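Protein chains in written order, with this note's numbering: chain A, 67 to 269; chain B, 67 to 269.
Cβ atoms here follow ideal geometry from the backbone N, Cα and C, with glycine treated the same way.
Note that the structure is predicted; figures quoted are calculated from it, not measured.
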DNA sequence: CCGCTCATGTAACAGGTTACATGATTTA
DNA sequence: TAAATCATGTAACCTGTTACATGAGCGG
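Here you go:
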């Protein structure tokens with residue numbers, strides 16, 4: 067059960083409500099984990115039941131009431147045990163990779179569209195992460211911050227997110243370039259159009 | 067259901083048995099997907115039931131018999147539909163990132179050990195991918211291969227795998243360096259040992 | 001003779017996704 | 001007045017993991 071620990075790690079920074087957690091774990095910002103709101107509410111309930119987080123009701127006017135959660139001592143202990151234990155190998159699972167794997171047998175122009183889309187998303191995320199990093203380190207230089215700043219954990223995971231998205235973008239753009247080049251060369255040879263539909267066989 | 071399509075994409079290259087597929091989808095080699103053998107046998111059964119792959123029995127002496135599967139026309143159509151449809155955004159889910167996120171609150175030296183381990187694994191994988199790429203392109207240059215080679219799909223996904231693992235390794239090493247530096251500076255200030263256990267508070 | 005490779009599964013369970021549900025308030 | 005934000009969940013379903021199971025040959 068890894069979501070548990072992701073939630074605990076996210077709450078280390080300070081108290082958050084389920085809703086705020088959900089925003090933090092959203093696709094846009096989640097540089098170290100992703101989860102749907104429903105999952106988070108369920109997990110917070112379980113964590114509270116197990117005494118790993120404690121919630122307190124915050125009454126609000128002109129807004130629905132909310133519950134803020136913080137990590138308990140037991141929760142911190144749990145997180146420490148988790149961190150000390152061996153880490154499972156992680157792996158990629160991305161539909162885009164499957165599609166590119168099949169690139170020689172499928173419609174190229176649909177694929178190009180999706181790769182371009184992904185490249186744009188990756189660029190946007192990279193920019194977001196860059197800003198987040200700047201905010202976290204404030205006016206200090208990166209080296210200075212990494213040496214003496216408090217809370218470098220979130221900074222370091224954000225750096226991984228940034229590198230990942232930059233890699234993503236570069237790869238998507240490279241693949242688009244290759245597919246375009248090949249579509250062009252093929253149509254130049256055969257005299258057909260350059261849409262790249264149904265590559266080798268199959269008329 | 068994405069495993070389905072990953073299996074179809076993997077079988078495009080040629081006939082494979084469940085066992086061979088399992089090797090291809092293993093952590094060591096899987097540059098675009100990962101799955102356990104049990105899952106693959108189950109998925110192959112379903113795919114055959116649905117007519118997307120066709121299996122044929124191969125009788126062997128001195129080895130258990132096996133079933134080789136190939137993608138049917140219906141399977142190829144399914145894969146084309148999948149490729150044309152919108153791609154779901156993908157996200158990272160890595161226990162190591164959770165641990166680093168919590169780095170400021172947990173035992174540093176256990177974390178360093180795991181990061182070093184992961185860096186070593188990443189380096190090994192990167193080397194493997196580099197060799198695979200060389201094998202795939204044969205004696206051609208990369209540019210030449212990407213322009214005119216047949217089956218660039220697997221090559222391109224392998225390139226993503228390579229970049230990913232290199233990024234992984236670089237990040238792990240960077241984090242190790244930062245954590246070591248901070249542990250050293252802290253012990254220099256406090257006069258305590260340099261194990262880095264239980265960072266700020268808590269005696 | 002021990003462990004590895006080949007070869008294929010079943011069954012129980014944990015984890016994650018999709019769809020559904022509600023309702024007030026602020027902003028365009 | 002329509003849409004977005006705040007705020008929280010339930011229920012059914014799909015997917016993936018863990019544990020268990022079997023059995024023959026080959027290499028050291």
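- prompt: When the cut-off is 8 Å and only beta carbons count, does residue 95/B lie next to chain A?
  reply: no
- prompt: Among the residues of its own chain, which have a CB less than 8 Å from the CB of residue 89/B, if the five just before and after it don't count?
  reply: 95
task: Closer than 9 Å, Cβ to Cβ, to anything on chain A: give me those residues from the stretch 153-174 of chain B, in chain order.
output: 153, 154, 155, 156, 157, 158, 159, 160, 161, 162, 163, 164, 165, 166, 167, 168, 169, 170, 171, 172 and 173
query: What in chain B is Cβ-close to residue 119/A, meaning under 7 Å?
result: Neighbours of residue 119/A on chain B: none; closest Cβ ~14 Å, over 7 Å.
- request: Report yes or no: is there a C-beta of chain A within less than 8 Å of the C-beta of residue 216/B?
  value: yes
message: Cβ closer than 7 Å: which chain B residues qualify as neighbours of residue 241/A?
response: 222
- prompt: residue 211/A lies in the alpha helix (DSSP H); which residues open and close that run?
  reply: 208-214
field: C-beta contact flag for residue 138/A and residue 151/A at 8 Å
entry: no
message: I'd like to know whether the C-beta atoms of residue 181/A and residue 241/A end up nearer to each other than 8 Å.
response: Yes, they are a contact pair.
- request: Return the CA-CA distance between residue 75/A and residue 165/B, expressed in angstroms with no decimal places.
  value: 8 Å
query: Under three-state DSSP, which class holds residue 135/A?
result: strand
- prompt: Just to confirm, are residue 106/A and residue 118/A a CB contact at a threshold of 8 Å?
  reply: no
message: Contact criterion: CB-CB distance below 8 Å. Does residue 182/B meet it with respect to chain A?
response: no
- prompt: Which of the residues in the stretch 180-211 of chain B, read from start to end, lie with their CB under 8 Å from any CB of chain A?
  reply: Contact residues of the stretch 180-211 of chain B toward chain A are 180, 183, 184 and 187 (C-beta to C-beta distance below 8 Å).
Cutoff 8 Å: residue 230/B Cβ touching any chain A Cβ: yes
- request: For residue 220/B, count neighbouring Cβ atoms within 10 angstroms of its own Cβ and tell me buried if that reaches 16, exposed if not.
  value: buried
- prompt: Going by alpha carbons, who is nearest to residue 100/B out of 163/A, 67/A and 68/A?
  reply: 163/A
task: List the residues of chain A that residue 78/B touches, going by C-beta distances under 7 Å, in chain order.
output: 168 and 171
- request: Closer than 8 Å by C-beta to residue 131/B: which residues in its own chain qualify, once you throw out the five before and the five after it? Chain order, please.
  value: 123, 124 and 125
task: Tell me where the beta strand (DSSP E) around residue 123/B begins and ends.
output: 119-124
field: Secondary structure of residue 150/B, DSSP reduced to three states
entry: The answer is helix: DSSP assigns residue 150/B an H, G or I state.
task: Answer with yes or no whether the minimum CB distance from residue 128/A to chain B is below 8 Å.
output: For residue 128/A, the answer is no, since every Cβ of chain B falls outside 8 Å of its Cβ.
- request: Output, in chain order, the set of chain B residues within a Cβ distance shorter than 9 Å of residue 251/A.
  value: 213 and 214
- prompt: At what residue ranges does the stretch 160-225 of chain A contain a whole run of the alpha helix (DSSP H), taking only runs of 4 or more?
  reply: Runs of the alpha helix (DSSP H) inside the stretch 160-225 of chain A: 161-167, 174-203 and 208-214.
message: In the DSSP assignment, the alpha helix (DSSP H) including residue 71/B goes from what residue to what residue?
response: Taken as a continuous stretch (DSSP letters only), the alpha helix (DSSP H) holding residue 71/B covers 69-77.
- prompt: Checking contacts by CB at 8 Å: is residue 235/B closer than that to chain A?
  reply: It does not; no Cβ of chain A falls within 8 Å.
message: According to DSSP, simplified to helix, strand and coil, what is residue 142/B?
response: helix
query: Roughly how many angstroms lie between the CA atoms of residue 315/B and residue 70/B, to the nearest whole one?
result: For chain B, the structure presents residues 67 to 269; residue 315/B sits outside this window and is missing.
query: Is residue 148/B near residue 77/B, with beta carbons less than 8 Å apart?
result: no
- prompt: In whole angstroms, what separates the C-alpha of residue 203/B from that of residue 97/B?
  reply: 17 Å
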